[in-house]
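Chemist:
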Amino acid sequence: MKLIKKLFAVLSVLFVAGTALFATPFNSNLSKTDLEKVNSGEILIKKINFTQNMCLNEGINPFGDKLIKVYHKLYPKYLAEIIQKRPVEGNEDLPERLNEILVNISDYAGIPYFSERTQSWWDLYTSASIVEEKDTENGKEILADIEMEPFGTIKQQIFIEKEENTLLYDSINLNKLSYYDKFDCVWPKKMKMSIFLFQDGENWVLYGIGGVNAPRIPFFTERIDTSFINRIKTFCNYIFEQI
97 MKLIKKLFAV LSVLFVAGTA LFATPFNSNL SKTDLEKVNS GEILIKKINF
147 TQNMCLNEGI NPFGDKLIKV YHKLYPKYLA EIIQKRPVEG NEDLPERLNE
197 ILVNISDYAG IPYFSERTQS WWDLYTSASI VEEKDTENGK EILADIEMEP
247 FGTIKQQIFI EKEENTLLYD SINLNKLSYY DKFDCVWPKK MKMSIFLFQD
297 GENWVLYGIG GVNAPRIPFF TERIDTSFIN RIKTFCNYIF EQI
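Our numbering numbers the first residue of the sequence shown as 97 and each following residue consecutively.
Here it is in structure tokens:
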């Protein structure tokens, strides 16, 4: 009987160790084809619409769990994910490089954006400036004014948090946004954009996500959807490419 108990204990330890060894940061919402693309180092961009379609698993670290929680609380009607893997070897300073780009708010102005509706290039943000900046326990809090057509000035609250081998960038609007001044479409604290960097074994994972809790308005839903989602994709994709 003692031998059986010892054997059971050993098997339990091996099972837990094996589960940790083969654990993945992604759930089944990331298809096999998508995972192959991510593992090859390509940037994967997915329009997922709702939080139940997020592919990020819980339990990666506290930053990741917080990210998942705040997006479920946001309850977005428009949502997109952007994912890329990079080897740690040769990119040991990736968290520092990412942080340097994200804190330089003024450099957001002029990010190239392709409008599908007009088939032409525009600036994603025509201007971007810091209103207030302060250090926090593990990063920075920044208040910024960012001009983005067709929504005008976005008063953004930005948090950048860092710990060893992980970084979380999180931004949210503080003011109401209107679509070309025709109608109000986003209320305060209903539009978020985030970038989460963490280490997964021998790789870095860059996980970008952005969402908007905005009404689906007849005749305008598709246009608003395109405006929000493409801008979220453009920002995250641009940041990924800069590092």
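By construction, the Cβ of each residue, glycine as well, lies at the ideal position given by its N, Cα and C atoms.
1. State the DSSP-derived secondary structure class of P40, mapped to helix, strand or coil.
2. Do three or more CB pairs link the segment 152-168 to the segment 249-265 at distances below 8 Å?
3. Less than 8 Å between the C-beta atoms of F150 and I139, yes or no?
4. Mark D280 as exposed unless 16 or more other C-beta atoms lie within 10 angstroms of its C-beta, in which case mark it buried.
5. Anyone know if the C-beta pair for I327 and L198 falls short of 8 Å?
6. For F247 and Y275, which I take to be in contact (beta-carbon distance under 8 Å), what is that distance rounded to the nearest angstrom?
7. Could you tell me the distance, in whole angstroms, from the CA atom of E257 to the CA atom of N125?
8. Can you give me the Cβ contacts of D266 inside the same chain, cut-off strictly under 6 Å, excluding the 5 residues immediately before and after it?
9. Within its chain, find whatever has a CB closer than 6 Å to the CB of T249; leave out the 5 residues flanking it on each side and keep chain order.
10. Verify the contact flag: E260, CB atom, against every heavy atom of the ligand PLP, threshold strictly below 7 Å.
11. Am I right that I226 and I201 are in contact with their C-beta atoms under 8 Å? What's the rounded C-beta distance?
12. Around the Cβ of P191, are there at least 16 other Cβ atoms within 10 angstroms (buried) or fewer (exposed)?
13. Compute the distance between the beta-carbons of P172 and G307, then report whether it is under 8 Å.
14. Return helix, strand or coil for D266, following the three-state DSSP convention.
15. Should I207 and K329 be called a contact, given that it needs their Cβ atoms to be closer than 8 Å?
16. Just to confirm the assignment, what range does the alpha helix (DSSP H) spanning G160 have?
17. Would you mind working out which of D189, N153 and R213 sits nearest S322, comparing C-alpha positions?
18. By Cβ distance, which residues of its chain are closer than 8 Å to E341, with the 5 residues on each side in sequence left out?
19. Label K278 either buried or exposed according to how many other C-beta atoms from any shown protein chain fall within 10 Å of its C-beta, with 16 as the threshold for buried.
20. For N123, is the classification buried or exposed, using 16 other Cβ atoms within 10 angstroms of its Cβ as the cut-off for buried?
21. Determine which residues share a DSSP beta bridge with T249 and list them.
22. Between the Cα of P284 and those of E245, F324, N269 and E237, spot the shortest distance and give me the residue it belongs to.
23. Check the DSSP bridge columns for W218 and list the partner residues they point to.
24. Quickly, what does DSSP pair D231 with across the bridge? List them, please.
Modeler: On the basis of the coordinates in this document:
1. This structure leaves residue 40 out entirely; the chain is present only between 97 and 339.
2. Using a C-beta cut-off of 8 Å, the segment 152-168 makes contact with the segment 249-265, since at least three inter-stretch Cβ pairs fall below that distance.
3. Reading the sequence as shown, one finds Met at residue 150 and not Phe. No, they are not a contact pair.
4. Burial call: exposed.
5. For the sequence presented, residue 327 should be read as Arg rather than Ile. No, the Cβ-Cβ distance between R327 and L198 is not below 8 Å.
6. Contact flag correct, Cβ pair sits at about 7 Å.
7. Cα to Cα, E257 sits roughly 27 Å from N125.
8. Within its own chain, the residues whose Cβ lies closer than 6 Å to the Cβ of D266, once the five positions on either side in sequence are excluded, are F255 and S290, listed in chain order.
9. Apart from sequence neighbours up to five positions away, the residues of its chain that approach T249 with a beta-carbon distance below 6 Å are D241 and E243, ordered along the chain.
10. In terms of ligand content, the structure shown is empty, and the ligand PLP therefore cannot be addressed.
11. For I226 against I201, the beta-carbon gap comes to about 5 Å, under 8 Å, which counts as contact.
12. When all chains shown are included, P191 counts as buried.
13. Their beta carbons are under 8 Å apart, which means P172 touches G307 by this criterion.
14. Correct three-state label for D266: strand.
15. With contacts defined as CB atoms closer than 8 Å, I207 and K329 fail to qualify as a contacting pair.
16. Looking at the DSSP string, the run of the alpha helix (DSSP H) that includes G160 is P158 to L170.
17. Correcting the residue identity first, residue 322 is Thr in this sequence and not Ser. Comparing Cα-Cα distances from T322 to each of D189, N153 and R213, the minimum goes to R213.
18. Here the chain comprises residues numbered 97 to 339, so residue 341 is not present and cannot be evaluated.
19. Exposed.
20. Result: exposed.
21. According to DSSP, which records beta bridges pairwise, T249 is partnered with E243.
22. Of E245, F324, N269 and E237, the residue nearest in Cα terms is N269.
23. Beta-bridge pairing by DSSP links W218 to Y209.
24. Residue pairing from DSSP places D231 in a beta bridge opposite K236.
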